[in-house]
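Q: Numbering (full-length UniProt numbering), first residue to last: 1 to 282.
All C-beta atoms, glycine included, are put in the ideal place defined by N, C-alpha and C.
(1) So what's residue 85 in DSSP terms, helix, strand or just coil?
(2) If you drop the 5 nearest sequence neighbours on each side, which residues of the same chain put their C-beta closer than 8 Å to that of residue 261?
(3) Could you tell me which residues DSSP pairs with residue 228 in its beta bridges?
(4) Under 8 Å, with one C-beta from each stretch per pair, do the region 39-48 and the region 243-251 reach the 3-pair mark?
(5) Taking all protein chains shown into account, decide if residue 38 is buried (16 or more other Cβ within 10 angstroms of its Cβ) or exposed.
(6) Would residue 172 be called buried (16 or more neighbouring beta carbons within 10 Å of its own) or exposed?
(7) What does the Cβ neighbour count give for residue 88, buried or exposed, with the cut at 16 atoms within 10 Å?
(8) For the region 99-117 against the region 73-85, do three or more pairs of beta-carbon atoms, one drawn from each stretch, fall closer than 8 Å, so that the two count as touching?
(9) So for residue 169, helix, strand or coil by DSSP?
(10) Considering Cα atoms alone, identify which of 272, 205, 164 is closest to residue 151.
(11) Cβ atoms of residue 161 and residue 153: under 9 Å apart, would you say?
(12) From the DSSP output, in three-state form, read off residue 126 for me.
(13) Is residue 91 helix, strand or coil when you go by DSSP?
(14) Could you check what DSSP says for residue 62 in three-state terms: helix, strand or coil?
(15) Secondary structure at residue 256, three-state DSSP: helix, strand or coil?
(16) Give the secondary structure of residue 249 by DSSP, where H, G and I count as helix, E and B as strand, and everything else as coil.
(17) Who are the near neighbours of residue 106 in its chain, counting only those whose CB is closer than 6 Å to its CB and skipping five residues on each side?
(18) Using the three-state DSSP reduction, which class does residue 29 fall into: helix, strand or coil?
(19) Have a look at the DSSP bridge pairing and note the partners of residue 38.
(20) Residue 118 lies in the alpha helix (DSSP H); which residues open and close that run?
(21) Classify residue 270: buried if its beta carbon has 16 or more other beta carbons within 10 angstroms, exposed otherwise.
(22) Kindly list the residues whose CB is nearer than 6 Å to the CB of residue 182, restricted to its own chain and excluding five residues on each side of it in sequence; keep chain order.
The following block contains the structure:
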């Protein structure tokens, strides 16, 4: 009898574990912004398959957002979409290391050190995505510029960069920001220091990020036109007025979708001009 009770207990644990696994996203909410209609996740995923670039935003330290990103990547891969993953977290100068990781030519300990040179948040936030790419042979694309360059721009402005520092940037890049762009940044980063000079420098750093990532994305697509790229970036970059508009200016008509998770601005103020879909966790 005791053995039977123990058996029943084990079965119940297994059943509950399976239920949790099946329903870990059962309470998420997807809103299609063009008609503000709640839709199933699968309906959004089916639409994403038709785009060449899919921007999926994040709050960097929110594990749920990275789970969403991986879920989208898994769905597209399962559907046979030829994928690449573009990442804000890696500079373009780390591309050879990313290629070696995907090819299985570098172990995780060594690659974690490369990751931490590029990005200062825990490996655990992105490890599942990076390991999935490695196991499935999905190319990873470094989109960013060196952190020390963007940090300097954020502190002192674009004009503070030396000729040597500018040589680390894509050719002919500028950081002009207008009132509309600054207003968009203010909505996306409402908790940032809003003193005029500091905020302008911050906007220039964000513009540098957006233009540089757009350049590196388009360079990859030029060489790999049959790939669909899932871009993983902070929501302030993934929002339509951030990186996507820079891509569209350089290559009008490119098919893209924007998914914003748990937007930091009030969801009622996010429109189809900002994104195609909102994903809201519960």
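A: The structure says:
(1) Taking the chain shown and counting its residues from 1, one reaches residue 85 at position 85. Residue state, collapsed to three classes: strand.
(2) As a first step, residue 261 is located in the chain shown; it is residue number 261 there, counting from the start. 56, 57, 58, 59, 62, 64, 65, 68, 235, 278, 279, 280, 281, listed in sequence order.
(3) Taking the first residue of the chain shown as position 1, residue 228 is located at position 228. Partner(s): 83.
(4) no
(5) Locating residue 38 in the chain shown gives position 38, where the first residue counts as 1. By the neighbour-count rule (16 or more Cβ atoms within 10 Å), residue 38 is not buried but exposed.
(6) Residue mapping note: residue 172 aligns to position 172 of the chain shown, counting from 1. Residue 172 should be labelled exposed.
(7) Against the chain shown, residue 88 aligns to sequence position 88. It counts as buried.
(8) no
(9) Taking the first residue of the chain shown as 1, we reach residue 169 at position 169. Coil, per DSSP.
(10) In the chain shown, the residue the question calls residue 151 occupies position 151. Closest option to residue 151, Cα to Cα, is 205.
(11) Start at 1 with the first residue of the chain shown, and residue 153 comes out as number 153. Start at 1 with the first residue of the chain shown, and residue 161 comes out as number 161. Cβ atoms of residue 153 and residue 161: closer than 9 Å.
(12) Residue numbering aside, residue 126 sits at position 126 when the chain shown is read from its first letter. Of the three classes helix, strand and coil, the one that applies to residue 126 here is coil, per DSSP.
(13) Residue 91 sits at position 91 when you count from the first residue of the chain shown. Strand at residue 91.
(14) Residue numbering aside, residue 62 sits at position 62 when the chain shown is read from its first letter. The answer is coil: DSSP assigns residue 62 none of H, G, I, E or B.
(15) To locate residue 256, count along the chain shown from 1; it is residue 256. Here residue 256 sits in strand by DSSP.
(16) Position 249 of the chain shown, counted from the start, is the residue given in the question as residue 249. Looking at residue 249 - three-state DSSP - the assignment turns out to be helix.
(17) Working through the chain shown from its first residue, we reach residue 106 at position 106. Within the same chain, residue 106 has close Cβ partners 100.
(18) Along the chain shown, read from residue 1 onward, the residue named residue 29 stands at position 29. Note: residue 29 maps to strand in three-state DSSP.
(19) One-based indexing of the chain shown puts residue 38 at position 38. 31.
(20) Here the question's residue 118 lines up with position 118 in the chain shown. It spans 108-118 - the alpha helix (DSSP H) in which residue 118 sits, taken as one unbroken run.
(21) Reading the chain shown from its first residue, position 270 is the one you call residue 270. When all chains shown are included, residue 270 counts as buried.
(22) Numbered from 1 along the chain shown, position 182 holds the residue referred to as residue 182. For residue 182, where only same-chain residues beyond five positions count, the Cβ hits under 6 Å are 203.
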